[in-house]
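Residues 1 to 577 in UniProt numbering are what the sequence shown spells out, letter by letter.
We put the CB at the ideal spot given by N, CA and C, even for glycine.
Only a predicted model underlies this, so the values are computations on that prediction, with no experimental measurement involved.
To start, the structure under review is shown below, and the notes come after it.
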Amino acid sequence: MAQMRYTPTLKLSTRLVAFVTMTVISAMFILFLGGTLSFQRLGQEYLNHYLQGIVEVVDKEMEDPDAAYSMQRWMPKMLQASGIIEMQLTSEAGPVYRFKDTTNTIEASRLHQVALPLKRNPGYVMHFEAVPPYLNYNYSLQAMWSTTLAVLLIVFFLIRGLKWLKEQLLGSELLEERGRMILAGRVEQHAKGDPREWPFTASEALDRLIEELQDARQERSRFDTFIRSQTFLDQLTGTANRVLYDSKLESALLESGAHGGVMMLRVDDLESAREESPKRTLDEFIIEVGECLSNIVQRYPDAILSRYYEDVFALFIPHQGSKDIAQVATQAIKLIERINPPEPLPEDNWFHIGVTMYQEGERRGRIIDEMETALKSAQLQGVNAWSRFQKPKQLQEDRGSVRWRTLFEQVLRPEEILLYRQACYRISANGEREFLHYELFARIQDPQQGILKASRFSSALETVGYEAMLDRAVFSSVVSFLKRSELVEPLSVNLHVVPFNDKRYARWIRNELMQMPFSLRTALSFEFSEAHLVNHLDYMRPIIRMLAGLGLQDSGGTSGTNNCQHALYQRLKSQLS
Numbered sequence: 001m002a003q004m005r006y007t008p009t010l011k012l013s014t015r016l017v018a019f020v021t022m023t024v025i026s027a028m029f030i031l032f033l034g035g036t037l038s039f040q041r042l043g044q045e046y047l048n049h050y051l052q053g054i055v056e057v058v059d060k061e062m063e064d065p066d067a068a069y070s071m072q073r074w075m076p077k078m079l080q081a082s083g084i085i086e087m088q089l090t091s092e093a094g095p096v097y098r099f100k101d102t103t104n105t106i107e108a109s110r111l112h113q114v115a116l117p118l119k120r121n122p123g124y125v126m127h128f129e130a131v132p133p134y135l136n137y138n139y140s141l142q143a144m145w146s147t148t149l150a151v152l153l154i155v156f157f158l159i160r161g162l163k164w165l166k167e168q169l170l171g172s173e174l175l176e177e178r179g180r181m182i183l184a185g186r187v188e189q190h191a192k193g194d195p196r197e198w199p200f201t202a203s204e205a206l207d208r209l210i211e212e213l214q215d216a217r218q219e220r221s222r223f224d225t226f227i228r229s230q231t232f233l234d235q236l237t238g239t240a241n242r243v244l245y246d247s248k249l250e251s252a253l254l255e256s257g258a259h260g261g262v263m264m265l266r267v268d269d270l271e272s273a274r275e276e277s278p279k280r281t282l283d284e285f286i287i288e289v290g291e292c293l294s295n296i297v298q299r300y301p302d303a304i305l306s307r308y309y310e311d312v313f314a315l316f317i318p319h320q321g322s323k324d325i326a327q328v329a330t331q332a333i334k335l336i337e338r339i340n341p342p343e344p345l346p347e348d349n350w351f352h353i354g355v356t357m358y359q360e361g362e363r364r365g366r367i368i369d370e371m372e373t374a375l376k377s378a379q380l381q382g383v384n385a386w387s388r389f390q391k392p393k394q395l396q397e398d399r400g401s402v403r404w405r406t407l408f409e410q411v412l413r414p415e416e417i418l419l420y421r422q423a424c425y426r427i428s429a430n431g432e433r434e435f436l437h438y439e440l441f442a443r444i445q446d447p448q449q450g451i452l453k454a455s456r457f458s459s460a461l462e463t464v465g466y467e468a469m470l471d472r473a474v475f476s477s478v479v480s481f482l483k484r485s486e487l488v489e490p491l492s493v494n495l496h497v498v499p500f501n502d503k504r505y506a507r508w509i510r511n512e513l514m515q516m517p518f519s520l521r522t523a524l525s526f527e528f529s530e531a532h533l534v535n536h537l538d539y540m541r542p543i544i545r546m547l548a549g550l551g552l553q554d555s556g557g558t559s560g561t562n563n564c565q566h567a568l569y570q571r572l573k574s575q576l577s
């Protein structure tokens with residue numbers, strides 16, 4: 001696994017602005033510190049030079065015999081005017097003259113002390129304690145206006161320079177932020193860059209690469225659609241072919257609690273019609289038969305229409321009882337009899353239908369044989385008809401819509417619903433199992449038949465329109481369970497898509513989630529049927545975005561049941577991630 005590179009948390013402009021600001025402030029500090037030390041040194045040099053002048057005057061006066069007496073007259077005034085606190089003239093014999101300003105209030109440690117010898121009078125030394133230069137001076141705008149102006153100019157140009165620097169680096173920051181969003185998976189929202197991005201060549205190259213990547217994805221989706229259509233769809237009618245039908249039937253027979261019906265329609269003497277009728281006319285006839293059957297099965301969820309052979313159509317209708325399958329067969333007879341068959345097919349005896357029921361655990365080959373047996377039985381009647389294979393053990397008849405509705409109103413409550421969980425794992429490359437979550441399955445208690453799995457009542461639930469009632473009961477039960485549990489474990493809840501078309505239901509889900517602690521929300525994930533999610537993408541897109549904003553995860557089941565659904569679902573996930 002490639003190691004992830006370190007990404008600075010501060011923006012480039014922030015780092016450069018901080019660097020420039022610190023550099024300018026440091027330069028100003030060094031400049032003012034050097035100026036202060038220079039001023040101090042110049043003041044000391046000036047004071048020493050002034051004191052040296054006093055020493056020379058006293059040295060000359062010492063040549064006069066009456067100097068000691070004359071010094072007492074003019075020396076105190078000169079020393080006091082010069083800011084000298086104390087002066088003492090000494091010789092080898094001892095002090096000759098001493099002056100001290102008694103009005104001084106400055107500490108002795110702050111005074112400038114120096115001893116200067118008299119050149120013309122060897123052995124004589126003058127000791128001074130003077131006030132340091134600039135000690136009693138305060139800040140004056142008139143005296144320091146040039147320095148103040150210089151500081152203000154530096155600050156002004158610094159602010160202008162930093163503003164210009166930020167403007168110049170805005171493009172690189174936009175490009176960097178765009179890169180962060182792309183790495184976070186938001187490629188679709190940032191496919192085109194801002195015109196202010198810089199460097200321009202890098203931004204343009206990134207735009208072109210993303211555009212080529214999107215084209216490649218679309219091309220892959222088209223290629224995938226082409227492969228699926230060539231592999232699993234009939235070229236003439238656009239329905240499923242034999243491979244897809246057998247695969248779907250095989251999967252349904254392995255599903256727990258599966259049941260339903262299958263039908264086979266055969267057009268008799270199609271070879272004779274092919275010899276006497278043009279190919280175009282015969283193809284239009286086959287397409288018309290397929291359209292009639294397609295219109296019939298559209299009202300049943302997960303039903304499949306297949307062109308099993310050139311003259312045979314097969315229907316797979318799961319989760320339906322024998323009464324519903326009989327209604328489908330009767331309706332098919334009525335609709336297809338309206339079609340005018342090509343010559344030389346007789347209008348009253350040119351197609352027949354065989355019907356059989358299936359349930360969990362049966363073999364696919366046996367189901368196909370039962371359909372063909374029922375089809376031959378229908379052909380023996382000598383008219384357009386259908387026949388059902390009579391099994392030794394008939395499936396228990398399902399109740400009607402009214403009875404289903406009565407049962408649902410009794411059991412679809414949070415305290416009545418039954419929830420079963422199953423652990424889901426991911427198999428890693430080295431074969432180890434990684435725990436993902438517990439998937440919850442809803443079941444109901446039937447007073448007559450006991451516990452019913454979702455596969456037994458899901459079709460009836462959609463027929464009577466009680467999906468929202470089931471989801472409310474399941475969700476309320478899950479929330480109550482999470483609040484009571486001491487150990488919170490990740491749970492996946494299956495929800496229907498259609499109820500979210502009602503804004504009141506969507507608001508109820510949102511309000512319930514917002515009342516939950518964040519730790520409980522992150523333990524939940526909602527699973528939707530991918531086929532239904534893509535078909536109702538217009539009102540589900542903000543719902544998925546809302547769920548993601550609240551910290552939940554979504555997943556899709558039955559991946560790839562439609563040619564374009566999987567690509568659309570993956571694009572939706574990339575937009576909301």
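>> I'd like the span of the alpha helix (DSSP H) that includes H49, first residue to last.
In response: Sequence index remark: in the sequence shown, residue 49 carries index 49 (1-based). It spans L12 to E61 - the alpha helix (DSSP H) in which H49 sits, taken as one unbroken run.
>> DSSP three-state label for K100, please.
In response: As a working mapping, residue 100 is identified with position 100 in the sequence shown. K100 falls in the strand class under three-state DSSP.
>> Contact between the segment 342-352 and the segment 361-371 is defined here as three or more beta-carbon pairs at a separation below 8 Å; is this criterion met?
In response: no
>> For R433, list the residues DSSP reports as bridge partners.
In response: Here residue 433 corresponds to residue number 433 of the sequence shown, with the count starting at 1. Answer is I427.
> Between N384 and E271, what straight-line distance do the alpha-carbon atoms span, to the nearest angstrom?
Replying inline: Stepping through the sequence shown from its first residue, residue 384 is reached at position 384. Stepping through the sequence shown from its first residue, residue 271 is reached at position 271. If you take the alpha carbons of N384 and E271, they lie about 18 Å apart.
>> For M263 and A303, which I take to be in contact (beta-carbon distance under 8 Å), what is that distance rounded to the nearest angstrom?
In response: Here the question's residue 263 lines up with position 263 in the sequence shown. Here the question's residue 303 lines up with position 303 in the sequence shown. The Cβ separation is near 10 Å, so there is no contact.
> Cα-Cα, which of I296, Q44, I210 and L265 is closest to L135?
Replying inline: What you label residue 135 is simply residue 135 of the sequence shown in a count that begins at 1. Nearest option by C-alpha distance: Q44.
> If you drop the 5 nearest sequence neighbours on each side, which residues of the same chain put their C-beta closer than 6 Å to that of V20?
Replying inline: Here residue 20 is taken as the residue at index 20 of the sequence shown, counted from 1. The answer is none, since no qualifying residue turns up.
> Just checking my contact of S387 with G354 at CB under 8 Å: how many whole Å lie between their CB atoms?
Replying inline: Translated into positions along the sequence shown, residue 387 becomes position 387. Translated into positions along the sequence shown, residue 354 becomes position 354. Yes, they are in contact, since the Cβ atoms of S387 and G354 sit about 6 Å apart, within 8 Å.
>> Our contact map puts M87 next to F128 with C-beta atoms below 8 Å; I'd like the distance itself, whole angstroms only.
In response: Here the question's residue 87 lines up with position 87 in the sequence shown. Here the question's residue 128 lines up with position 128 in the sequence shown. Sure, about 6 Å apart at Cβ, within 8 Å.
> Do you know offhand how far F481's Cα is from Q445's?
Replying inline: Here residue 481 corresponds to residue number 481 of the sequence shown, with the count starting at 1. Here residue 445 corresponds to residue number 445 of the sequence shown, with the count starting at 1. Computed Cα separation, rounded: 19 Å.
> Would you call the segment 407-422 and the segment 466-479 in contact, with 3 or more CB pairs under 8 Å?
Replying inline: yes
> For P95, which residues does DSSP report across the bridge?
Replying inline: Stepping through the sequence shown from its first residue, residue 95 is reached at position 95. Answer is T90.
>> Taking 9 Å as the threshold (C-beta atoms), are V297 and V267 in contact?
In response: In the sequence shown, counting from the first residue as 1, residue 267 sits at position 267. In the sequence shown, counting from the first residue as 1, residue 297 sits at position 297. No, the pair does not count as a contact, with Cβ atoms beyond the cut-off.
>> Report the CB separation of L12 from L169 in whole angstroms; it is logged as a contact under 8 Å.
In response: As a first step, residue 12 must be located in the sequence shown, where it is residue number 12. As a first step, residue 169 must be located in the sequence shown, where it is residue number 169. The pair is a contact, with the Cβ atoms about 6 Å apart (cut-off 8 Å).
>> At a cut-off of 8 Å, would you count A191 as near the ligand MN, judging by its Cβ distance to the nearest heavy atom?
In response: Annotation note on the ligand MN: not contained in the displayed structure, which lists no ligands.
> Ends of the beta strand (DSSP E) at T147?
Replying inline: Indexing the sequence shown from 1 puts residue 147 at position 147. Note, T147: premise wrong, no beta strand (DSSP E); alpha helix (DSSP H) at W145 to L183.
>> Going by DSSP in three states, D547 sits in which element: helix, strand or coil?
In response: Taking the sequence shown and counting its residues from 1, one reaches residue 547 at position 547. First, the residue type needs correcting, since residue 547 is Leu and not Asp in the sequence shown. In the structure shown, L547 sits in a helix (DSSP, three-state: H, G or I).
>> Quick check: the Cα distance between D207 and K192, rounded to an integer number of angstroms?
In response: Residue numbering aside, residue 207 sits at position 207 when the sequence shown is read from its first letter. Residue numbering aside, residue 192 sits at position 192 when the sequence shown is read from its first letter. Near 6 Å, if we compare the C-alpha coordinates of K192 and D207.
>> Which residue wins for smallest C-alpha separation from H352, given the options S203, K323, T373 and F457?
In response: In the sequence shown, the residue the question calls residue 352 occupies position 352. Checked all of S203, K323, T373 and F457; the closest Cα to H352 is T373.
> Mapping DSSP to helix, strand and coil, what is residue 599?
Replying inline: Beyond the ends of the chain as shown, which are 1 and 577, falls residue 599; an answer cannot be given.
>> Judging by CA-CA distance, which residue of A473, R120 and A108 is the nearest neighbour of L495?
In response: As a working mapping, residue 495 is identified with position 495 in the sequence shown. That would be A473, whose Cα lies nearest to the Cα of L495.
>> Could you tell me the alpha carbon to alpha carbon distance between S455 and S221, rounded to whole angstroms?
In response: Position 455 of the sequence shown holds residue 455. Position 221 of the sequence shown holds residue 221. Approximately 32 Å between the Cα atoms of the pair.
> Which same chain residues, not among the five before or five after L16, have their C-beta less than 8 Å away from its C-beta?
Replying inline: Counting from 1 along the sequence shown, the entry for residue 16 is found at position 16. Taken in chain order, the residues that qualify are L165 and L169.
>> Just to confirm the assignment: which complete beta strand (DSSP E) runs, minimum length 3, are found wholly within the UniProt domain "GGDEF" (258-391)?
In response: 259-267, 304-309, 312-318, 351-359 and 385-388
> What are the boundary residues of the alpha helix (DSSP H) that includes S477?
Replying inline: For this step, residue 477 is matched to residue 477 along the sequence shown. Unbroken alpha helix (DSSP H) run through S477: E467 to R484.
>> Taking only three categories from DSSP, how would you classify P542?
In response: Start at 1 with the first residue of the sequence shown, and residue 542 comes out as number 542. P542: helix per DSSP, three-state reduction.
> What's the gap between the Cα of P490 and the Cα of L461?
Replying inline: Stepping through the sequence shown from its first residue, residue 490 is reached at position 490. Stepping through the sequence shown from its first residue, residue 461 is reached at position 461. Using only the alpha carbons, I get a separation of about 27 Å.
> Can you pull the DSSP bridge partners for P117?
Replying inline: Your numbering for residue 117 matches position 117 in the sequence shown. According to DSSP, P117 bridges with V125.
>> Could you give the first and the last residue of the continuous beta strand (DSSP E) run that contains N494?
In response: The residue you call residue 494 lines up with position 494 of the sequence shown. Its beta strand (DSSP E) spans residues L491 to N494.
>> Give me, in chain order, the residues of the same chain whose beta-carbon lies closer than 8 Å to that of E211; leave out the 5 immediate sequence neighbours on both sides.
In response: As a working note, residue 211 is residue 211 in the sequence shown. Closer than 8 Å at the Cβ level, and outside the excluded window around E211, lie A191.
> Excluding sequence positions up to five away, which residues of its chain have a Cβ less than 8 Å from the Cβ of I339?
Replying inline: The residue labelled residue 339 in the question sits at position 339 within the sequence shown. The residues are F285, E288, V289 and C292.
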